[in-house]
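First the structure, in the form of C-alpha cells, and then the observations on it.
Protein chains: 4
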Amino acid sequence: MKINKQQIENHNRNQLKSHKDSFGVFSDQLTAKKIDLDTVLYRLNQFQVAIPSWALGAGGTRFGRFHIGGEPGRLKEKIEDVGLLHALNRSSGAISLHIPWDIPDDPEAVKRQAEELDIRFDAVNSNTFQDQKNQKHSYKFGSLCHTDRIVREQAVDHNLDVIRYGKELGSKAITIWLADGSNFPGQQNFRKALMRTLGSLEKIYRELPDDWKMLIEYKPYEPNFYSMVIPDWGTSHLLASKLGAQAKTLVDLGHHLPNTNIEQIVATLMMEGKLGGFHFNDSKYGDDDLTTGCIKPYQLFLIFNELVYESDSDSTGFSGIDWMIDASHNSKDPLEDLLQSVEAILSAYAKALLVDQAKLEEAREVNDVTEAQELLLDAFRTDVRPLLRESRIRSQAAAEPLKLYRDLQVRNTLIDERGTSTVATGL
Amino acid sequence: MKINKQQIENHNRNQLKSHKDSFGVFSDQLTAKKIDLDTVLYRLNQFQVAIPSWALGAGGTRFGRFHIGGEPGRLKEKIEDVGLLHALNRSSGAISLHIPWDIPDDPEAVKRQAEELDIRFDAVNSNTFQDQKNQKHSYKFGSLCHTDRIVREQAVDHNLDVIRYGKELGSKAITIWLADGSNFPGQQNFRKALMRTLGSLEKIYRELPDDWKMLIEYKPYEPNFYSMVIPDWGTSHLLASKLGAQAKTLVDLGHHLPNTNIEQIVATLMMEGKLGGFHFNDSKYGDDDLTTGCIKPYQLFLIFNELVYESDSDSTGFSGIDWMIDASHNSKDPLEDLLQSVEAILSAYAKALLVDQAKLEEAREVNDVTEAQELLLDAFRTDVRPLLRESRIRSQAAAEPLKLYRDLQVRNTLIDERGTSTVATGL
Amino acid sequence: MKINKQQIENHNRNQLKSHKDSFGVFSDQLTAKKIDLDTVLYRLNQFQVAIPSWALGAGGTRFGRFHIGGEPGRLKEKIEDVGLLHALNRSSGAISLHIPWDIPDDPEAVKRQAEELDIRFDAVNSNTFQDQKNQKHSYKFGSLCHTDRIVREQAVDHNLDVIRYGKELGSKAITIWLADGSNFPGQQNFRKALMRTLGSLEKIYRELPDDWKMLIEYKPYEPNFYSMVIPDWGTSHLLASKLGAQAKTLVDLGHHLPNTNIEQIVATLMMEGKLGGFHFNDSKYGDDDLTTGCIKPYQLFLIFNELVYESDSDSTGFSGIDWMIDASHNSKDPLEDLLQSVEAILSAYAKALLVDQAKLEEAREVNDVTEAQELLLDAFRTDVRPLLRESRIRSQAAAEPLKLYRDLQVRNTLIDERGTSTVATGL
Amino acid sequence: MKINKQQIENHNRNQLKSHKDSFGVFSDQLTAKKIDLDTVLYRLNQFQVAIPSWALGAGGTRFGRFHIGGEPGRLKEKIEDVGLLHALNRSSGAISLHIPWDIPDDPEAVKRQAEELDIRFDAVNSNTFQDQKNQKHSYKFGSLCHTDRIVREQAVDHNLDVIRYGKELGSKAITIWLADGSNFPGQQNFRKALMRTLGSLEKIYRELPDDWKMLIEYKPYEPNFYSMVIPDWGTSHLLASKLGAQAKTLVDLGHHLPNTNIEQIVATLMMEGKLGGFHFNDSKYGDDDLTTGCIKPYQLFLIFNELVYESDSDSTGFSGIDWMIDASHNSKDPLEDLLQSVEAILSAYAKALLVDQAKLEEAREVNDVTEAQELLLDAFRTDVRPLLRESRIRSQAAAEPLKLYRDLQVRNTLIDERGTSTVATGL
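Chains as they are written, first to last, in this note's numbering: chain L, 1 to 427; chain G, 1001 to 1427; chain Z, 2001 to 2427; chain V, 3001 to 3427.
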C-alpha cells in the first residue's frame, strides 16, 4: 500500500482552518520571545528518525506474543511500511536493518524501492544473541566475549557480514548490541570477558569503512540477569576510547538502572565527542520498549535540551548522531505506535528548540535556580502541536498523521494485502 | 531413567567417613547451644518443595531460548524428572502442574506413576497469559479483568477446568497468576479492572472445593509494563479478604519492586493468617527467575526466620503454606539448577531453625540491636551442610545430590532416552 | 509583610493584554471540545492546597543546611508567609501545623490572624521521630510501636495533645507519620511492632472527634533503613480498616519504592473509600522532597486524572481528601518553591479536567489503546497557563504569582523585617 | 581508656578450649582442599581497615540524631577509640581523618599517640559539602564545580590544606567526595560543571606529593537530588584518566543506583589499574551507611572474590588499595558497630581466600556454570569464624572482640570518662 499526495492534500485541506488559528497565536508567541520561526521549522524538517525493521510487527514478551494482522513478512514489505510512515509524517525517512532477519536478496532492487520512498538506510544491526538455524557454534555462553576463540571468530565474521550488507545499501554505521553476560555469580571472569570483547571489537573495527561509525550499546541486564559484559555507559566509553575515533557510544533510553539521570550521560558523552546514536523508547521498570514519551515525556525533553545545547555550540556534534526508534509493540498496531513515537520525539525536540539558552546560561551562572527551572518549564509547557503541524504541512506530510492513518484504514488494507498470519521477524 | 537405592547407598558409603567428622563437630555445637538435634532433623525431613512442571526444560527470554537435550516432552517424563530429583534429595516430593501444558490424558496412570515415586500433586496453575490454539477469545487485553464479559467467562471456565484436573490428581490448591494489566497510561480503568477481576475470582471461588485454597499471586510488572491488575501484596490481600478464608496470598520472591523488604511482607501476611504459598527463585533486577539463593542468600534466611518464628508459635501456620520453586533455566541443566535451589532453600531453613528465638526476643524487648543482629548472624554463619547431609542420609537420599547426579551422568542418559530435540512446554 | 489589592491589580493590569489573546484561543479550544469553561474555572477556584508550616524555611539534608534570610521564626510569621502565598495565588488558603514546632501560645489570636488572611487550619501533624528537650522517654527505638508500654503511652499522649491543639484552631484531621522501624535485620519483631502500633493507634482513634479524620502515612525507608513499621499502602490500609471509617491512608508522593505506579494506588484507595489525603512533592531517587512536578509532571497529571475520574462519579470522594504540600527546600527560596509547587499542582489538575472522560471510557471498553493514550496526551499537551491565569484574575490573585513575588522583592523585605539569622523550625 | 595485654590474654584463655576443637576441623578441611593455612593467616593478618574519625559518635539522619554517651569530643579521644578497636581485633590499625573536623593542633603529639597504639594515618578527607563558621564563600551551589572562580579557589585551597595536614601525619592519600550537583532540572550546565571540576582537580593534583594518591569518589544522589557532578564510576574514571596515574577511583558500597553489580565495577577498575580505595558499609535502599555485611553479605564476598583474584595475579594491585569503613550509626554503639563491620569484612575476605581460583577458572573456560557457582558457594558456606579467631589469637587480639568489649563494659567506662553530653563531629 502507498499513500499518495492527493490523500495527504485532502486531509490537510480539512485541517487548515483550525490549524491556522492556533498556529497564528503560536507564531505570535515565538515572535514575542524573539525566536526565529524559520530556523525552528528548518531544524524540525531536517530531523529524521530511523524506523527499525524489527518494530513493524507485533512484539512479544517471554510470556507470549499476541498476533496482529498484516505484518510485513519480507524486507520489501518492511520498507513499504516505513514508506507509509514517512509519507504521513516526512520525519521517518530512514530504516535500520537487522541481520540476519533482513538480508537483502537483491540489494539493487531494495535500494531502488527505498529511494522511491525517500528512505535512507541507517545503521545496520548485528545479531549474536540468538542462534540461527544451521549456525555452527552456539551463542548460549556469549559471542564476542566467548571463552572459545572459535565462537568469537564466528561472531566477528557475522559482524563483518553485516558491514558488507550495510555497504551495499549505503548504511554508514553498525550498531553492536551485545547480549553477552552471565546469569550467575562465578559464571564469568569479568576481566577476561571484557578483554575478549575488546579483542573481537578490534577485529571488526579494523574492517570498518573510513566513513562508518561503530555504535556500541550498553545495557545493565536482560537477557542476562547477573552481569552484562557492557553494562553501562562507562564500559561502552572505555571500549570506544580504546578502539578509536569511529567508535562511539549508543544510548538506548531503556537500558539503565532505576532512576538513572540519562540526560547527564548524554551531556558527558557529547562533551567527549563520543555520543554516536540513540535508541528511542520509554519505560517504567526496565527495558520495557514502550512508545517513546508515553511514560516520561519531561525526561525526553530534558535529553533534547542537552542535545540542542550542544548542536547550538557545535554544529558537527548534532549531525554526527544517529536517531533510531527501538521499541516493541505488544498491544498496539505497530504503525500507530511508531507514529506516536515520532510525534513524541519531535514534540520534545521542538520544545527544546524553544528554550532560551542564553537566558538559561545566565540564570545558571548566578545560580538563580528558580529562574533556570522556569525557563525549562516555560518551553515544556508550551503546546507545540501547531508548530509540528505547520512543519508537516510545509513538507507535504499529513497535518495529523495518526488521524489520516486511521481515516485511510491502513491496517485493514495491509491485512487485505498480506493476510492475518504473516509473522514479521523480530522479538 | 530412575535412580535406585543401590546407587544412593554406594554414593553415601563413599561420603560417610568425611561426613562423620564434620557432623560430629556440628552436633557438638548444637548440644552446646541446647538445640535438640532430632527436632531439627525431623522438621527438615518434613519439608518438601514442589517442583514446577514448567521448570524441567530450558527456559528462555524474549530474546531467545538455548536448547538443552533430554527435555521431558510429556507429562509422564516430567514426573519422571521430579522423581529423579526426589530420589536424590527426598525433599522434592511434589509437583506443581500447569494447565493446559500438563493436561493428564489418563489421570489414574499419572497418579500411579507419581505414587510410585512418592510424589504429591501440589497446587495446579491456570494460564490465561497466552492464547492457546483454537481458543475462541484472545487474552491480549486481559482475562479475568477483561472489559468483555465473554472473555472473562472463558477465563473463569478455564480456571474451573484447572480445578477439575487438580481434583482428579489430588491437588488441594489452585494458583492464579494474572498477567492482566496495561502497557500504557490511559489504557485501563484501574477500578473497573480490579472490580471485574474480583467478580471473576468470586465465580471461581464459589466452585472451590472446601478443602482447597485459592492462591493469589501478585507482580508489579511484566508482561505488562505500565500497570498490573494485582501489582502488590496489598492488592492481593484486598482481594483475598473479600473472597473468604480459603483465598490467600502467594509470595513469589521475584515479584517485587527494587529493594522491597519481602520478609516483612511475609510476617504481615502470616499475622493476618493470609500467607498461602511461596514461589522460590532469586533475582538481582526483576523477575529474573534465577536459582534460589544464588544472589541474596541472606534475604532467603531472613524470610525463613519469619516463617520459623510463626511455626514455633502456631503449628498450623506453617503447615498451611505451599512451597514451590518457580524458576527459569537459561544457562544451566534444569535438573542441576533445581537441585541447587532445593539445597539453598533447605540451607536457609536449617539456619533459621538454629536461631535462638527466645534470646532474640529478649534482645528485641530491650532494644539490644547489636545482640539481636549477632544472634541472626550466628545462625547464618553456621555451616549447615553437615546437618543437611545427615538429614539426607537418614532419609535414604544422596548425601551430595548434585555430585551423584553428575557421577551418574543423568543428563546424558536422558538425552540417550529422549533425544536432543524435544522441547518441554514452558517459557 | 502583606501584599495589598492595589499591588495585585496593578500587576494584573499589565498582564491583561497578552493574557486576553492567549485565553481567547484557549477558550475557543474548550468550546470546540464542548467543555464547559465555567465548571472548569469553578473547580479550579475551589481547589486549595495546604502549606506546611515546616516548609517555609530552608530545608536541609543530613550533610547540612544552607541558610536563607528572612525565615519565619514564630508561628505568627509562618502564617504571615502563607498569607503572602495565598494573596498571590488564592490557592493556598490553608496551613498544616506541626506540633511541637508550632504550639500556639494564644490560639484565639492565631485564629484571628488566619481568618484575616483567609487561611484555614488543615491537618495537624504529630512528631514522634525526634526527641524534644525535657522529653522523658526517647523515641530512639520507636514511639507508637515501642517495646516499652511507657514510651508508647507518651507517644499516644503526644498525639492526643496534637488533636487538642488542632481542635482549638479548627483543624479536622490529624496526620500521623511514623518514623518507627528498624535499621538492622533482627532488630524488630515485625508482628509485635505492627500490633503495638495498632494498639497505640486505637487509643488515639478513640479520642478522635467525630468530624475528624485520622490520616495514616506510609513510607518504605528513611529514617530507618531496614524496615519501617508502615512501609506501604497495604499496611496503612490494613491499619485504617481495623481502626474504622475515620481512619484513612495518606499518600506522600515521595514515599514509594522505585518505579511504583502511584496513580494505581490512588485509584485502589479511592475505590475502597480510604484515600484520606495527599502530600505533594517530587523526587527522582527517594523521598527527595523536591518541588512538585519538577521531575515527573506526567505522573502528577496521571494521578489527577484518577482523582478527577472519581470526583466526577462521586462528588463526596473528592471533597473528602486533604491536599497538602510536603517539601524541603535546599537550594531555593522556599516561598518561590511553594509558588512553583502550587502552580504545578493546579496545572496537572487543570489538564485532568480537560480529559474527555466519556470518550476515554469508550476507548477503554473496546481496548483501543492508541486512542486512550491519545486522549490523555491531548489533555496533557494542552497549554493550560491561560486558564490558570484567568482563574487567578477572576479571584483577584496575581496573574503571574512568581513574577509579582519577584517584582515586589518579597524576600528582601522579609530579610529587612526579620534579619538573616532566624531559623525556622523544620528539617 | 585502654585495653591491656592481660585483659586480652585472660579472655583468650577462656575461649581456647572450644576454639581448638572447631579450628582443628577447619584446619583439616583446608588441608583436604590443599589450601595453605599459613598463607591464608598471613594475608588475613596483613589486612588493616581504616576507621573513619567521623564514625565514632552517633550518626544521624535529616530527621534527627539520637545521642549516645561517651562520644569522643576531640581528636585525641577519637584516636583513643580507634586504639580500643585495634587492641581488640588487630585489624583496625589505621584512622581516616576529616578536615576541618579533625585538624591536629599538635601534629607531633598526635603522631606519637597513634604510634603508641600502632595506628597509621590513612587517607585524609576534605569537606566542601558544608559551610564552616567564618567561611568566606558558601558551598550552597557547589565547590570545585562552582560557577564562580572565587568559590572554586576557596575549595581548592581547602583541599591543599587537607593535603598539608595529611603530610604532617604521614597520610599517603586524599579522598575527595564531592557533594556538588543540582536539585532541579535546568539548574546546572552539566558540561561546564564537569569541566570546572576537572580544572579544580587539576590544581589539587598538581600539588599532590609524588607518593600520594588522589581518590575520587562517585555517588548518584544525596545531598543533591537531581544530579551529582560525579554520579558514577564512569565519570570518576574519566576524571582520573585525565588527571594522571596518581588519581584513582574510590568505591563506596552505598553509592550506587538500585541493583548495580558492584563487583563488576571493581573488576573493571582493577583491570584498568584505577581502583584506589574502598568505603565499606551496607545498604538496602540508598546510601544507608549501615554496618558492613548486615544486608548483603554475599555481595561483599563476591567483591572480595574479585579483589583476591587480582591480588593473586598481580601483587601490586592489592597493596595499592586503601580500605576504609564509612558508616553512620543511628541505633547502635558506634564501637560495637565498627567491630561488627570489621568482622564482616574479614569474614568475606577469608571466604574469598578459600575459593579455589584455579578450578573456578577451569569451570569458567568450559562454561560449566553450575560448577563455577558451586565453587563460590562452597567457600561462602564455609564457617570461617574459627579461622578469624585463630588469626586474632596469633596476633594477640581478642578471640571474640565484641564479647570482650561487652565484658569489659567499655562504653560505660567511656561515659564515666567523658560524660554523656559530648558530641563527636560528624554527620
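Beta carbons: idealized from backbone N, C-alpha and C, even for Gly.
Contact list for residue i against chain V, beta-carbon separation under 8 angstroms
i, result
"valine 1025(G)", "Asp3021, Ser3022, Val3025"
Backbone CA spacing between residue i and residue j [nearest angstrom]
i, j, result
"alanine 109(L)", "lysine 332(L)", "31 angstroms"
"aspartate 383(L)", "glycine 24(L)", "13 angstroms"
"methionine 2001(Z)", "leucine 2016(Z)", "26 angstroms"
"glycine 276(L)", "asparagine 261(L)", "18 angstroms"
"isoleucine 3068(V)", "leucine 3414(V)", "11 angstroms"
"glycine 3234(V)", "phenylalanine 3278(V)", "16 angstroms"
"glycine 317(L)", "proline 209(L)", "Its pLDDT being 44, under 50, glycine 317(L) is placed unreliably by the model, and the measurement read from it follows with that caveat. Approximately 20 angstroms between the Cα atoms of the pair."
"lysine 34(L)", "glutamate 3168(V)", "60 angstroms"
"aspartate 2289(Z)", "leucine 2253(Z)", "9 angstroms"
"aspartate 3287(V)", "arginine 13(L)", "59 angstroms"
"tyrosine 226(L)", "proline 1386(G)", "29 angstroms"
"asparagine 2159(Z)", "isoleucine 3163(V)", "51 angstroms"
"aspartate 3081(V)", "aspartate 3122(V)", "16 angstroms"
Cβ of residue i within 8 angstroms of any chain Z Cβ
i, result
"glycine 3069(V)", "no"
"cysteine 3294(V)", "yes"
C-beta neighbour in chain G for residue i, strict 8 angstroms
i, result
"threonine 2039(Z)", "no"
Sub-8 angstroms separation of residue i and residue j beta-carbons
i, j, result
"serine 3053(V)", "leucine 3097(V)", "yes"
"phenylalanine 2063(Z)", "alanine 3179(V)", "yes"
"serine 2091(Z)", "isoleucine 2051(Z)", "no"
"proline 3258(V)", "asparagine 1259(G)", "yes"
"tyrosine 70(L)", "arginine 411(L)", "According to the sequence displayed, residue 70(L) carries glycine and not tyrosine. Cβ atoms of glycine 70(L) and arginine 411(L): closer than 8 angstroms."
"tyrosine 309(L)", "glutamine 357(L)", "yes"
Option nearest residue i by Cα separation, candidates the options
i, options, result
"serine 283(L)", "Leu375(L), Gln299(L), Tyr405(L)", "Gln299(L)"
"asparagine 183(L)", "Met214(L), Glu222(L), Asp148(L), Lys172(L)", "Glu222(L)"
"alanine 363(L)", "Gln3006(V), Phe3141(V), Gln3029(V)", "Phe3141(V)"
"arginine 2392(Z)", "Arg2074(Z), Thr2061(Z), Leu2030(Z), Leu2085(Z)", "Leu2085(Z)"
"valine 1423(G)", "Asp1211(G), Leu1088(G), Phe1066(G), Leu1339(G)", "Phe1066(G)"
"asparagine 1281(G)", "Leu1269(G), Lys1076(G), Val1342(G)", "Val1342(G)"
Chain Z residues whose Cβ lies nearer than 7 angstroms to that of residue i
i, result
"serine 331(L)", "Val2369"
"aspartate 3180(V)", "Here the premise fails: no neighbours, minimum Cβ distance about 12 angstroms."
Where residue i meets chain Z, residues with beta-carbon distance less than 9 angstroms
i, result
"aspartate 3288(V)", "Asn2183, Tyr2221, Glu2222, Phe2225, Tyr2226"
Residue i beta carbon near the ligand FAD (any heavy atom closer than 7 angstroms)
i, result
"aspartate 2021(Z)", "As far as ligands go, the structure on display features none, and thus does not contain the ligand FAD."
Residue i: contacting residues in chain L (beta-carbon distance under 8 angstroms)
i, result
"glutamate 3361(V)", "Asn189"
"lysine 1284(G)", "Tyr221, Phe225, Tyr226"
Neighbouring residues, chain V, relative to residue i (Cβ below 9 angstroms)
i, result
"glutamine 48(L)", "Result: empty, since nearest Cβ-Cβ is about 26 angstroms, beyond 9 angstroms."
Cβ of residue i within 8 angstroms of any chain L Cβ
i, result
"tyrosine 2298(Z)", "yes"
"arginine 1062(G)", "yes"
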